[in-house]
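Notes follow once the structure below has been shown.
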Amino acid sequence: MSLSPRTTVFVVLCFLFVLAPYFTRATTDELQARCESHSFNNGKHFRSCVDLPVLDSFLHFSYVRETGVLEVAYRHINVESSSWIAWGINPTSKGMSGYSPTLQEGPLSFRVLQLSGEYLNGEMTIFATIVLPSNITVVNHLWQDGPLKEGDRLGMHAMSGDHLKSTATLDLLSGQVTTSKAANDNMLLVKNIHGLVNAVCWGIFMPIGVIAARYMRTYKGLDPMWFYIHIIFQTTGYFGGLLGGLGTAIYMAKHTGMRTTPHTVIGIFLFALGFLQILAFKARPDKEHKYRKYWNWYHHITGYVVIVLSVYNIYKGLAILQPGSSWKIAYTTIIGVIGMFATVMEVLQFKSRWGGLCCKESENLEADQTVSTNV
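Heads up: the sequence shown runs through residues -26 to -1, 1 to 349, numbered per mature numbering (1 follows the signal peptide of the UniProt record, and there is no 0).
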């Protein structure tokens, strides 16, 4: 007896529907087995185990509510020896505001009775015994990994994907883990806004304002239009970056901790230079004033420094944020077009200035030769 194609498809779907729960249960049991059936080399045993949602991590723990003693073993599998791992806990408040890890030892808000670690067969484990404040049954924790640099210095962990999702709330009594996906998504949105606003304001508007002042002023018909265009782009770039860029930076510092990185230092320095440019504009001497040429030197040099540092810092920010490659391609294309336009204008102005001078010198030389011949 042969089955029609429609009947065959129906039978296959029913077969898959019946077996799907078994496949799902097998996968779940396998993950649970990776957690609960794990044996530690030091013979330690823990009452509970949680399969953390990201970064191939597991948390084994035993908690005694009466004494507040919490024993934990944080495991991170598939880790290279040239990497670091970290596990942090905040027992008193929600989130990890102000979190900024260093290698320097110091006092914590809770007692740490034991602390050790091991690396074996691509798996790193942190063992710790801590004493939590009384009546604490829910804690906020995070886990992370990153590269080791020369001299065993901690390299920056990735700022995208699962590395921005490795925070959760742990119920020590039930063992339930609740991830803070909304908070992570919100912080990622803030970081994207920070990068976009600064790229547009400092990396596009500022160079366009400089180009307007340098090249449009050479054409008499564009005076004073070039001046207004210059002011509009420069002020929009500065105050747009101040409101959007600095505002988002303060928000990130408040919720994730202020890190003194080259990107941060350069950003603060740029805002300071921009403010000095505004003050210098207010103190600008008249064109006939004897100090006007010195003011021009200061204003131009500071402007060029701002442009160079702005472009450099934008690429530093992209390296930290690690968005899609389209971000870097788009900005590189835009700044490349601006750079090509500036190069063409430099060549044209060079020919206009020095070419005309050479022509005048040639005409004067020919005139002298003609006079000499006539004489």
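We treat Cβ as the ideally placed atom computed from N, Cα and C, and that holds for glycine.
In the DSSP assignment, the alpha helix (DSSP H) including residue i goes from what residue to what residue?
i	result
Arg188	180 to 189
Val53	Neither: Val53 is in no alpha helix (DSSP H) and is coded neither H nor E.
His237	236 to 256
Would DSSP call residue i helix, strand or coil?
i	result
Lys228	helix
His115	strand
Arg127	strand
Glu120	According to the sequence provided, residue 120 is Gly. The question's Glu does not apply to it. If DSSP states are grouped into helix, strand and coil, Gly120 belongs with the strands.
Gln208	helix
His19	coil
Leu220	helix
Leu170	helix
Asp136	helix
Ala142	strand
Gly298	coil
Glu97	strand
Val28	coil
Gly91	strand
Val282	helix
Leu322	helix
Do you know offhand how far residue i's Cα is from residue j's?
i	j	result
Gly169	Ser36	43 Å
Ile167	Val184	25 Å
Val164	Gly218	10 Å
Ile242	Ala187	25 Å
Phe324	Gly313	16 Å
Asn52	Asp30	7 Å
Lys264	Val321	31 Å
Arg21	Ile240	49 Å
Asn15	Asn114	28 Å
Leu94	Asn64	28 Å
Ile205	Gly129	41 Å
Ala132	Ile303	20 Å
Asp197	Met190	8 Å
When the cut-off is 9 Å and only beta carbons count, does residue i lie next to chain D?
i	result
Val53	This model lacks chain D altogether, as it is built from one protein chain only.
Residue range of the beta strand (DSSP E) that residue i falls in?
i	result
Tyr37	31 to 38
With residue i and residue j assumed to form a contact (beta carbons below 8 Å), what rounded beta-carbon distance in angstroms separates them?
i	j	result
Val224	Phe207	It should be noted that the sequence gives Ile, not Val, for residue 224. Going by Cβ atoms, the distance from Ile224 to Phe207 rounds to 25 Å, so no, they are not a contact pair.
Gly91	Phe101	7 Å
Leu147	Thr99	At roughly 24 Å, the Cβ-Cβ gap does not stay under 8 Å, so Leu147 and Thr99 are not in contact.
Thr209	Leu247	With a Cβ gap of about 14 Å, Thr209 and Leu247 do not count as contacting.
Exercise. Are there three or more Cβ pairs, one per stretch, closer than 8 Å when the stretch 38 to 47 is compared with the stretch 100 to 117?
Worked result: A contact exists between the stretch 38 to 47 and the stretch 100 to 117.
Exercise. Are three or more beta carbon pairs between the stretch 168 to 185 and the stretch 289 to 300 nearer than 8 Å?
Worked result: They touch, by the three-pair rule.
For this session: Say whether the stretch 298 to 308 touches the stretch 266 to 282, bearing in mind that this needs 3 or more beta-carbon pairs closer than 8 Å, one atom from each stretch.
Result: Because the criterion of three Cβ pairs below 8 Å is not met, the stretch 298 to 308 and the stretch 266 to 282 do not touch.
Exercise. Hey, is the stretch 9 to 29 in contact with the stretch 130 to 144, meaning 3+ C-beta pairs nearer than 8 Å?
Worked result: With the cut-off at 8 Å, the stretch 9 to 29 and the stretch 130 to 144 touch.
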